[in-house]
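**Q** One structure, pasted below without further comment.
2 protein chains.
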Amino acid sequence: MDRRQRKTREAIFKAFTELLSQKDFSQITVGEIIERADIGRATFYAHFETKDFLLKELCEELFCHLFDSMHKENNHHRHIFDCDAPSSVFLHLFQHLMKNDNNILGLFSCRNNELFLGYFKESLVQLVQNQIDLFDSEKNKKLPESFLVNHIVATLVGTIRWWVDNGMKESPETITEYFLAVI
Amino acid sequence: MDRRQRKTREAIFKAFTELLSQKDFSQITVGEIIERADIGRATFYAHFETKDFLLKELCEELFCHLFDSMHKENNHHRHIFDCDAPSSVFLHLFQHLMKNDNNILGLFSCRNNELFLGYFKESLVQLVQNQIDLFDSEKNKKLPESFLVNHIVATLVGTIRWWVDNGMKESPETITEYFLAVI
DNA sequence: TTATTACAGAACTCTTTGTTCAATAAAATT
DNA sequence: AATTTTATTGAACAAAGAGTTCTGTAATAA
Numbered sequence: 021m022d023r024r025q026r027k028t029r030e031a032i033f034k035a036f037t038e039l040l041s042q043k044d045f046s047q048i049t050v051g052e053i054i055e056r057a058d059i060g061r062a063t064f065y066a067h068f069e070t071k072d073f074l075l076k077e078l079c080e081e082l083f084c085h086l087f088d089s090m091h092k093e094n095n096h097h098r099h100i101f102d103c104d105a106p107s108s109v110f111l112h113l114f115q116h117l118m119k120n121d122n123n124i125l126g127l128f129s130c131r132n133n134e135l136f137l138g139y140f141k142e143s144l145v146q147l148v149q150n151q152i153d154l155f156d157s158e159k160n161k162k163l164p165e166s167f168l169v170n171h172i173v174a175t176l177v178g179t180i181r182w183w184v185d186n187g188m189k190e191s192p193e194t195i196t197e198y199f200l201a202v203i
Numbered sequence: 021m022d023r024r025q026r027k028t029r030e031a032i033f034k035a036f037t038e039l040l041s042q043k044d045f046s047q048i049t050v051g052e053i054i055e056r057a058d059i060g061r062a063t064f065y066a067h068f069e070t071k072d073f074l075l076k077e078l079c080e081e082l083f084c085h086l087f088d089s090m091h092k093e094n095n096h097h098r099h100i101f102d103c104d105a106p107s108s109v110f111l112h113l114f115q116h117l118m119k120n121d122n123n124i125l126g127l128f129s130c131r132n133n134e135l136f137l138g139y140f141k142e143s144l145v146q147l148v149q150n151q152i153d154l155f156d157s158e159k160n161k162k163l164p165e166s167f168l169v170n171h172i173v174a175t176l177v178g179t180i181r182w183w184v185d186n187g188m189k190e191s192p193e194t195i196t197e198y199f200l201a202v203i
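Protein chains in written order, with my numbering: chain A, 21 to 203; chain B, 21 to 203.
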C-alpha cells in the first residue's frame, strides 16, 4: 500500500475517532472529518464510499486489532477459543479493553453505535458458542442454544457498557467475577 | 386539544411508524413523512421541532399505552409493581407485546433504535428495582445493585429482541420461562 | 527519466432541512 | 349567526450537507 494512502487513511481514522468521542455518529459530517484530517474532499471519497463505510471499516480494524492482541497476550500454542477456563477468555477481553483502545471504549459509551455493537456481537457469537458447553448445566438444557448464546452476548455487552458508563473503576478481574456470577 | 391537531398528529404518527417498519430511522426524511401523512411541510414543523423529537414523542406515547394497558389487564386493586410473583409482571409484559402494538415490535427489530431502547430501559429500571429483592440470593449479595439492575434490564431487552427477530414463535409463557431461567 | 498513482482544491448538482408568509378553512367564542 | 381565534395549506426561500467531476501538482514506482 502506498505510503500516501496509508497516511491519509490513518488521518481520517484519527479524526473520525476523535469526533466519535465528542458527538454521535449521526451528528458528524464529512466536512468536519476532512477539516480535522486536513485532506481534500475528493480524497475522502476516494477512500470511503460514504460515512457509513468509514465506520464499517473502522470497526473491522478495531476488531482485528483486539483479537490479534488477545492472541498474542495469550498462550501461543493454543487457540484462544480452546482455553481451559471460560474465565480466562473473558478476563483477557476485559483486560485488553482497560489497557488501551480508547477508540473502542468511545464507541461503547456513545449512543449511535448499533452498527458497532452489531460487529461486536457478531465477533462474540463464535467465541461464546465454543464456550457454551461449559455453561450447560441441567437447568439450561431446556433452553434453545441460540437463546443461550444471545443471552450471554447481550450480558457481555451490557456488562461492558455498565463498566464504561460508570468510569471503569473496577478491575478487569472484578468485572470478570461480576460477569461470571450473573451467567 | 383541537380535533384538527389530533388528526394531523395521528396522521404523522401513523405515517412515521409505517415507514419505521420499512427502513431505518436515519433513512427516513421529513419529506416522506409529510407525503405519506398527506399534510403540509409547515404543519409538520408546527407539531414537531425535528425528526428526533417526533421519535421521542412517539416513544413516550407508546410507553404510556403499554404501561396503561398492563395496569388495566392486571389486578385493579394492587399496583403493578407490587405483584407477588416476579413472573407475573414479566409475563404480562410479554403477553402485551405479543397481543398488539406492532409499532413497538417494529422499533425492536430495526437497527437505529438506541433512543427507543433508552426510553424502554429507563421505564424498566423502576420496575426491576422493585423486583430486585426477590432475585437477591446469597450469591448475588456481593454484586453492586446497579450492576444487577443493569443486567436484568439488558437481559430483558436481549430476550425480547431474540424473540422478535426469531418471529415470535414461542408463547409469552415460554419466553417468561426462558427469561426467568437465565436471571 | 518516465509513467503511474494519489492528492488538492475548487466548482458544481442534488437532496434535505428548517423557516417564512399570505391565503384559506375549521373551530371556538360571543 | 356573526366574529374571533387557531390550524392548515402551499409555495417559496436560505442554508447545509452529500457526493461528483475536473484540472493541476506532487509523490511514488518502473
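We treat Cβ as the ideally placed atom computed from N, Cα and C, and that holds for glycine.
Going by the CB atoms, is the gap between serine 143 of chain A and phenylalanine 83 of chain A shorter than 8 Å?
**A** yes
**Q** Taking its Cβ as the centre, do 16 or more other Cβ atoms sit within 10 Å of asparagine 170 of chain B, making it buried, or is it exposed?
**A** The residue in question, asparagine 170 of chain B, is buried, as its Cβ has 16 or more Cβ neighbours within 10 Å.
**Q** Between which two residues does the alpha helix (DSSP H) holding serine 166 of chain A run?
**A** 165-185
**Q** DSSP three-state label for isoleucine 54 of chain A, please.
**A** helix
**Q** Kindly indicate the opening and closing residues of the alpha helix (DSSP H) around phenylalanine 47 of chain A.
**A** This sequence places glutamine at residue 47 of chain A; phenylalanine is not what is there. Element bounds for glutamine 47 of chain A: n/a, residue is neither H nor E.
**Q** Is there at least one Cβ from chain B nearer than 8 Å to leucine 144 of chain A's Cβ?
**A** no
**Q** I'd like to know if the region 163-182 of chain B and the region 162-177 of chain A are in contact, where contact means that at least 3 CB-CB pairs between them fall below 8 Å.
**A** yes
**Q** Beta-carbon within less than 7 Å of serine 89 of chain A's beta-carbon, same chain only, minus the 5 sequence neighbours each way: which residues are those?
**A** Setting aside the 5 residues that flank it on each side, serine 89 of chain A is surrounded in the same chain by His116, each with a C-beta closer than 7 Å to its C-beta; the list follows chain order.
**Q** Does the CB of histidine 171 of chain B have a neighbour CB from chain A at under 8 Å?
**A** yes
**Q** Is any beta-carbon of chain B found at less than 8 Å from that of histidine 116 of chain A?
**A** no
**Q** With distances taken from CA atoms, which of B:Leu40, B:Phe136 and B:Thr175 is nearest glutamate 80 of chain B?
**A** B:Phe136
**Q** Should threonine 175 of chain A be labelled buried (16 or more other beta-carbon atoms within 10 Å of its own) or exposed?
**A** buried
**Q** Determine the direct distance from the alpha carbon of arginine 23 of chain B to that of tyrosine 139 of chain A, and round the result to whole angstroms.
**A** 47 Å
**Q** For methionine 118 of chain A, which three-state DSSP category applies?
**A** Reduced to three states, the DSSP call for methionine 118 of chain A is helix.
**Q** From B:His85, B:Gln47 and B:Glu30, pick the residue whose C-alpha is nearest to that of phenylalanine 64 of chain B; which is it?
**A** Cα-wise, what sits closest to phenylalanine 64 of chain B is B:Glu30.
**Q** Quick one: grab the DSSP three-state call for aspartate 22 of chain A.
**A** coil
**Q** Counting only beta-carbon separations shorter than 8 Å, does leucine 163 of chain A have a partner in chain B?
**A** yes
**Q** In its own chain, which residues sit with a C-beta less than 8 Å from the C-beta of glutamine 25 of chain B, not counting the 5 before and 5 after it?
**A** His67
**Q** Going by alpha carbons, who is nearest to glutamate 38 of chain B out of B:Thr28, B:Val109, B:Phe114 and B:Leu127?
**A** B:Leu127
**Q** Using 10 angstroms around the beta-carbon of histidine 91 of chain B, count the other beta-carbons present and answer buried if the total reaches 16, otherwise exposed.
**A** exposed
**Q** With the cut-off set at 8 Å, would you say alanine 35 of chain B and arginine 56 of chain B are in Cβ contact?
**A** With respect to arginine 56 of chain B, alanine 35 of chain B sits close: the two C-beta atoms are nearer than 8 Å.
**Q** Less than 8 Å between the CB atoms is what I'm expecting for phenylalanine 87 of chain A and isoleucine 195 of chain A, so what's the real figure, rounded?
**A** Between isoleucine 195 of chain A and phenylalanine 87 of chain A the Cβ distance is about 19 Å, and since that is not below 8 Å, they are no contact.
**Q** My guess is that proline 192 of chain B and methionine 118 of chain B are in contact by the Cβ rule of under 8 Å, so how many angstroms apart are they, rounded?
**A** About 5 Å separates the two Cβ atoms, so the contact holds.
**Q** List, in order along the chain, the chain B residues whose C-beta lies closer than 9 Å to that of threonine 175 of chain A?
**A** His171, Ala174, Thr175, Gly178 and Val202
**Q** Can you name, in chain order, every residue of its own chain whose Cβ lies under 8 Å from the Cβ of threonine 28 of chain A, other than the five neighbours on each side?
**A** Correct list, in chain order: Ala57, Ile59, Thr63 and His67.
**Q** Going by CA-CA distance only, name the one from B:Asp44, B:Val50 and B:Ser41 that's closest to isoleucine 32 of chain B.
**A** B:Val50
**Q** By DSSP, does methionine 188 of chain B sit in helix, in strand, or in coil?
**A** coil
**Q** Just the chain B side, please: which residues come within less than 7 Å of serine 108 of chain A by C-beta, in chain order?
**A** What serine 108 of chain A touches in chain B: nothing, since even the nearest Cβ is about 21 Å away.
**Q** Go to threonine 70 of chain A, then tell me how far its alpha helix (DSSP H) extends in each direction, as first and last residue.
**A** Element bounds for threonine 70 of chain A: n/a, residue is neither H nor E.
**Q** Can you check which of these residues, B:Asp44, B:Glu197, B:Leu40 and B:Gln42, is closest to histidine 112 of chain B by C-alpha distance?
**A** B:Glu197
**Q** Could you say which of A:Glu69, A:Phe199, A:Leu75 and A:Ile54 lies nearest to leucine 40 of chain A if we only look at CA atoms?
**A** A:Leu75
**Q** Residues of the region 23-50 of chain B in Cβ contact with chain A at a cutoff of 7 Å, in chain order, please.
**A** Ser46
**Q** Against tyrosine 198 of chain A, what residues of chain B qualify as contacts under a CB-to-CB distance less than 7 Å, listed in chain order?
**A** Leu163 and Phe167
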